[in-house]
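10 is the number of the first residue of the sequence shown in my numbering; add one for each residue after it. Ideal placement from N, C-alpha and C gives every residue a C-beta, glycine not left out. To start, the structure under review is shown below, and the notes come after it.
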Amino acid sequence: GDARSQEAIKARSAEAKVEWIWLKTLEEVDKTTEGDCYMDLDFVFDQQRIDRLALLLPRPVLINAVLPTLREIGQPFIRINGWPGFLKRPIAEVAVSAREQEQKLLSLFDSLHWPFQLVPDIAGMISARIISMIVNEAYFTFEAKTSTKDEIDIAMKLGTNYPKGPFEWSREIGLKNIYELLMCLTKSDGRYRPSPAMALELK
10 GDARSQEAIK ARSAEAKVEW IWLKTLEEVD KTTEGDCYMD LDFVFDQQRI
60 DRLALLLPRP VLINAVLPTL REIGQPFIRI NGWPGFLKRP IAEVAVSARE
110 QEQKLLSLFD SLHWPFQLVP DIAGMISARI ISMIVNEAYF TFEAKTSTKD
160 EIDIAMKLGT NYPKGPFEWS REIGLKNIYE LLMCLTKSDG RYRPSPAMAL
210 ELK
């Protein structure tokens, strides 16, 4: 993971007796066999990467995979929502592919002093879907010239007590991440169709 992800993980497990070993490349994993669990915060849906990570099983392998499901990945990894900003949340959002993994999950997150919520193994999990839709609606509002981005952020923070405005969220998470999730979800539900203004901003 990048420096921001590493800092968030270390902060989450500050009270736990854990030694973290940070690797710069995935290739270095081949030389590291003493780990009790592994975490890939830069995960991409690439078969070569998946095959390399699969060699680490049956030890827990956590991957930051908000879009691809474990059914698509085809390995019993543990999905976490590691989008920028999400690792700092009080509770981790986690998905597994089989019920028998839950005990391993309880033991692992307990040792890390990291509360978690088990969610369905679906694209976007739960909170990423919700925030992406909020951001998308904000873009539709902006596109209609109802208000400016700054005004929409202020209105949502003051009117709904959101910790961040939708455009602040989009900058922190990365608009590309949000757009790709919406495009993925649109395949099965047209309500997730990204705003043209969002698409235009990405060009």
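Query: Only counting the same chain, and skipping five residues up and downstream in sequence, which positions put a Cβ closer than 6 Å to that of Leu121?; Result: Ser22, Ala25
Query: Pick out the complete alpha helix (DSSP H) segments inside the region 87-171, 4 residues or longer, and give them in chain order.; Result: 111-120, 136-152, 158-169
Query: Can you tell me whether Glu28 is buried or exposed, with buried defined as 16 or more other CB within 10 angstroms of its CB?; Result: exposed
Query: I need the boundaries of the alpha helix (DSSP H) containing Tyr47, first residue and last residue.; Result: Counting along the chain, Tyr47 falls outside any alpha helix (DSSP H), though it belongs to the beta strand (DSSP E) covering 47-49.
Query: Output the boundary residues of the alpha helix (DSSP H) element that contains Leu190.; Result: 184-195
Query: Is it right to say Pro99 is buried, meaning 16 or more other beta carbons lie within 10 angstroms of its own, or is it exposed?; Result: exposed
Query: Among the candidates Gln56, Ala104, Leu167, whose CA atom is the shortest distance from the CA of Glu75?; Result: For the record, residue 75 in the displayed sequence is Val; it is not Glu. Ranking Gln56, Ala104, Leu167 by Cα distance to Val75 puts Ala104 first.
Query: How big is the Cα-Cα spacing for Leu64 and Asp39?; Result: 9 Å
Query: Should Ile187 go down as buried or exposed, given a rule of 16 or more other Cβ atoms within 10 Å for buried?; Result: buried
Query: Return the bridge partner residues of Val53 from the DSSP annotation.; Result: In the DSSP output, where bridge partners are listed per residue, Val53 has none listed.
Query: Can you say whether Ala147 is buried or exposed, counting buried as having 16 or more other CB atoms within 10 angstroms of its CB?; Result: buried
Query: Tell me the rounded alpha-carbon separation between Glu210 and Glu111.; Result: 41 Å
Query: Over the uninterrupted alpha helix (DSSP H) stretch that includes Ile30, give me the two end residues.; Result: Ile30 -> no alpha helix (DSSP H), and no H or E assigned at all.
Query: Among the residues of its own chain, which have a CB less than 8 Å from the CB of Leu127, if the five just before and after it don't count?; Result: Val103, Ala104, Val105, Glu111, Leu114
Query: Note down the Cα distance separating Ala206 from Gly91, rounded to an integer number of angstroms.; Result: 26 Å
Query: Quick one: Cα of Leu66 to Cα of Arg88, how far?; Result: 14 Å
Query: Using only CA atoms, which one of Ile30, Ser116, Gln56 lies nearest to Tyr47?; Result: Ile30
Query: Can the beta-carbon of Pro77 be found less than 9 Å from the beta-carbon of Phe95?; Result: no
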